[in-house]
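Student: Shown below is the structure under consideration.
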Amino acid sequence: MELSKETIKKLRGLIVFTVIIVIAGVNYRRIFALAGESLHMALPFLLGGAIAFILNVPMRNIEKLLPIKEKSRLKRPLALAAAIAAVAAVLLTVMIVVIPELWKTLYSLRESVPAFFTGFEAGMEKLFSDNPEILAWINTIEIDWQEMMQNLIEFLKNGAGSVLSTTFSAAATIASGITSFGIGLVFAVYILLQKETLAGQAVKIIRAFLPEYWEKQVIRVAALTEKTFSSFLTGQCLEAVILGTMFFVTLVILRLPYAVLIGVLIAFTALIPIFGAFIGCAVGVFLMLMASPVDAFLFLIVFFVLQQIEGNLIYPHVVGGSVGLPSIWVLVAVTIGGSAMGILGMLIFIPLCSVFYALFRDAVYSRLKNRS
């Protein structure tokens, strides 16, 4: 039986694909190691791409507002410099607001913490005096202090080298992180200054290697992804500002302490979708508990009330609406992303699920249209 050229071509492709799969299966450990090393080498450039994507959101809006001609060579560099300056100004303002307030808080804790533990000790003494059976039970507990000290000394002997090694490792990691950030920032500047040229080159590569149908699909998905992630970033920042302002105003009205510090802290932690504000809640409860348990309890009530307003009204409409994702799927995306990749997964999965949701919705409507 004579095979056609098309059949021979398909068989050849199938054989090559099978050989590649077999080789990859046998050497999967080396492939994973090589992929890890490649990812580590590419990390500064991936970081630069992320920085460029974030800076592009304010830069794009600033560029539209600048009263300079579109073809002017100064417009893009000025817009980029203004975007970097705006982000740096926000961070600097937060530091100027938070650091003095944090210092004042630590200074007040120096007096309130001993008072808290004094009151706690008095409460324990009263509890034991009213319940002598608890004290009798505690006295029955035997602790071998000599063995505990020996274990502690042994741990310190064995752990000293480990601690020193960990310290050097942490210092090297910090230095590497600073270097990666510097390279990434420079790379981000180059991307933003030449983003149209780079986009055009990417489109040419796609057109050169993909059929016309897949070319259109890839470009459409890329445009949808960029729009969705930009909208999510804008919505998430807006939601964080709204929530931090709500807490600040409410705490000032109720005359609760640490209004500025807690408002800024919750605004920052609220950048983590849905669950981030609970970190600020834990810190706020601890600070107020040192000053007054009543204030801490009142703050806890305020937090859960505002959190319900934020979770049910603000977040789904500000963030969920900005990415075109229904409220229930926002919660699903945050839960899955947090389980898979932690905080980073929470930030990525909402816009990512929004892209998949839009593509799946279009596919469903297209199939229904063809059947009717």
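Under the numbering used here, read the sequence shown as residues 6 to 377, first letter to last. Note that beta-carbon positions come from the ideal geometry of N, C-alpha and C, so glycine has one too.
Can you look up Ser344 in the DSSP assignment and give me helix, strand or coil?
Tutor: In this structure, Ser344 counts as helix in the three-state DSSP scheme.
Student: Go through its chain and collect everything with a Cβ distance to Glu315's Cβ below 6 Å, but skip five positions before and after it.
Tutor: So the list reads Leu248, once near-sequence residues are dropped.
Student: Am I right that Leu270 and Gly285 are in contact with their C-beta atoms under 8 Å? What's the rounded C-beta distance?
Tutor: That belief holds up - the Cβ atoms of Leu270 and Gly285 are roughly 5 Å apart, short of 8 Å.
Student: I'd like to know whether the C-beta atoms of Phe234 and Pro72 end up nearer to each other than 7 Å.
Tutor: No, these two residues do not count as a Cβ contact at 7 Å.
Student: Counting only the same chain and skipping the five closest in sequence on each side, list residues whose C-beta sits under 8 Å from that of Met251.
Tutor: Leu311, Ile314, Glu315, listed in sequence order.
Student: So for Asn32, helix, strand or coil by DSSP?
Tutor: The answer is coil: DSSP assigns Asn32 none of H, G, I, E or B.
Student: Is the distance from the Cβ of Ile211 to the Cβ of Val223 below 7 Å?
Tutor: Cβ distance < 7 Å, so Ile211 and Val223 count as in contact.
Student: Just to check my reading of the structure: Arg59 and Leu261 have Cβ atoms closer than 8 Å, yes? What is that Cβ distance to the nearest angstrom?
Tutor: Residue identity differs from the one stated: residue 59 is Ile in this sequence, not Arg. Between Leu261 and Ile59 the Cβ distance is about 34 Å, and since that is not below 8 Å, they are no contact.
Student: Could you check what DSSP says for Gln199 in three-state terms: helix, strand or coil?
Tutor: Three-state result, Gln199: coil.
Student: Could you check how far apart the C-beta atoms of Ile183 and Gly54 are, in whole angstroms? I think they sit under 8 Å.
Tutor: Contact flag wrong, Cβ pair sits at about 18 Å.
Student: Counting only runs of 4+ residues fully inside the region 242-299, write out the alpha helix (DSSP H) ranges in chain order.
Tutor: Counting whole runs of 4 or more residues, the region 242-299 contains the alpha helix (DSSP H) stretches 264-274, 282-296.
Student: Output needed for Ala301: all residues of its chain with C-beta closer than 7 Å, excluding positions within five of it in sequence on either side, in chain order.
Tutor: Cβ within range, chain order: Val290, Met293, Leu294.
Student: When DSSP labels each residue in this structure, what does Ser77 get in the three-state scheme?
Tutor: Three-state result, Ser77: coil.
Student: Taking the C-alpha atoms as reference points, what is the distance between Arg65 and Gly343?
Tutor: Looking at the two C-alpha atoms, the distance is approximately 30 Å.
Student: Which residues in the same chain have their Cβ closer than 6 Å to the Cβ of Ala193, if we skip the five residues on either side of it in sequence?
Tutor: Excluding sequence neighbours, Ala193 sits near Gly53, Ile56, Ala57.
Student: Helix, strand or coil: how does DSSP classify Pro72 here?
Tutor: Here Pro72 sits in coil by DSSP.
Student: Do Leu190 and Arg81 have their beta-carbon atoms positioned less than 7 Å apart in this structure?
Tutor: The answer is no: Cβ separation not under 7 Å.
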